[in-house]
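**Q**
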Amino acid sequence: MTTGSADESAEAVATDGATLRYAVSGEENRPAIAFVPDAGFGPWVWGWQAPALAGRYRTVVCATRGTDDSTRTGPYTVDRFAADLEAVLADAGIRRVHVVGAGLGGMVALRYAREYGRARSLSLLGVTASGDRIDDDALAALHPGDPVGFEASLSAAFTERFLAESGLAAQIATWRRAEDATGEAAAGHRAAALEFEAGALYELTVSALVCHGVDDPVVPMAAGEEVAEKLPRGRFEAVEGKRCCYVEHASAVTDAIDGFIDRIESGV
835 MTTGSADESA EAVATDGATL RYAVSGEENR PAIAFVPDAG FGPWVWGWQA PALAGRYRTV
895 VCATRGTDDS TRTGPYTVDR FAADLEAVLA DAGIRRVHVV GAGLGGMVAL RYAREYGRAR
955 SLSLLGVTAS GDRIDDDALA ALHPGDPVGF EASLSAAFTE RFLAESGLAA QIATWRRAED
1015 ATGEAAAGHR AAALEFEAGA LYELTVSALV CHGVDDPVVP MAAGEEVAEK LPRGRFEAVE
1075 GKRCCYVEHA SAVTDAIDGF IDRIESGV
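Just add 834 to the spot in the sequence shown (first one is 1) and you have the numbering used here.
(1) Considering Cα atoms alone, identify which of Ala868, Thr849 and Ala1021 is closest to arginine 929.
(2) List the residues that DSSP assigns as beta-bridge partners of histidine 932.
(3) Check whether the segment 1005–1022 touches the segment 937–955, taking contact to mean three or more Cβ pairs, one atom from each stretch, closer than 8 Å.
(4) To which residues of the same chain is threonine 1039 closer than 7 Å at the C-beta, ignoring the five residues directly before and after it?
(5) Going by Cα to Cα distance, which pick from Pro885, Asp925 and Ser904 is closest to threonine 1088?
(6) Among all the DSSP beta bridges, which residues are the ones paired with histidine 1046?
(7) Thinking C-alpha only, which one of Ala857, Asp903, Glu1082 and Val933 is nearest glutamate 999?
(8) For aspartate 971, does the count of other Cβ atoms within 10 angstroms reach 16, so buried, or fall short, so exposed?
(9) Is the CB-CB distance between valine 858 and alanine 926 below 7 Å?
(10) Applying the 10 Å Cβ sphere with the 16-neighbour rule, what's the burial state of arginine 1097?
(11) Going by DSSP in three states, arginine 906 sits in which element: helix, strand or coil?
(12) Does the Cβ-Cβ distance between valine 931 and alanine 866 come in under 7 Å?
(13) Roughly how many whole angstroms lie between the Cα atoms of alanine 1021 and glycine 951?
(14) Residues in the same chain with beta-carbon distance under 6 Å from tryptophan 1009, minus the five sequence neighbours each way, listed in chain order, please.
(15) For valine 1061, which option in Glu1074, Pro981 and Cys1045 has the closest C-alpha, if you only look at C-alpha atoms?
(16) What are the partner residues of leucine 854, as DSSP defines its beta bridges?
(17) Could you check whether valine 933 and valine 912 sit closer than 7 Å to each other, using their CB atoms as the reference points?
(18) The beta strand (DSSP E) with valine 894 in it runs from where to where?
(19) Between leucine 1043 and phenylalanine 1094, is the Cβ-Cβ spacing less than 7 Å?
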């Protein structure tokens, strides 16, 4: 696993019959950020945010069970993913953490903040409080579970302009073939997202930044706005783009996350 940070170290922890891989970068005395990817995505998807923030923070990039070199075995549920995150952070010696989660990873972040005591803040990208708000067909198209279809599925994640101008389509497809969930694991990730219910959001009092792609085909932007509105300390920011708007507009989203966490760490 690599996300592009020069001082990155690859680690692993065994939990619930699985081995989970994660990468750590940055100095130990820095505030910690954990990155949890969307359904089916491997750690490649944080190759923009994590290296940019590793200088100021200690970053932990998780390979969710079923992706990359983590064990490809279930159960694939939000509760299990949250417990996996707890195991990773305990193994990394991190007591307090700012959790950044995209899609299913945002659902995991919401559950993690409810069930465990390490979360200092949440940055939620393309999230919904209920799987009922997910377009099942769009999610299946984005995460086909078949490596042959990875490149064709990118149109749900990125605008055509980005794919044409960045020249990254083939490279992203290569990363996906190497790291993304396939087969049973991909189906398990999708099912976990569709079955999710966040519960009473007013009970979650951690600060939260909610960013959402204006043209996200998987979860409507209104669902993200509702999450921000119902969280007592939630704030919403719209981002141009589709499901992976945080990659397409990486600098802007990274700056937003950085500023959000910095204000918390500064007590502002």
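Beta carbons: idealized from backbone N, C-alpha and C, even for Gly.
Source: prediction; values computed, not measured.
**A** Taking the coordinates as given:
(1) Ala868
(2) Paired residue(s): Ile867 and Ser955.
(3) no
(4) Closer than 7 Å at Cβ, skipping near neighbours: Pro1066 and Arg1067.
(5) Pro885
(6) Ala1072
(7) In this structure, Glu1082 is the residue among Ala857, Asp903, Glu1082 and Val933 with its C-alpha nearest to the C-alpha of glutamate 999.
(8) exposed
(9) yes
(10) exposed
(11) Looking at arginine 906 - three-state DSSP - the assignment turns out to be coil, as it is neither helix nor strand.
(12) yes
(13) 30 Å
(14) Trp878
(15) Cys1045
(16) Beta-bridge pairing links leucine 854 to Val847.
(17) no
(18) 892–897
(19) yes
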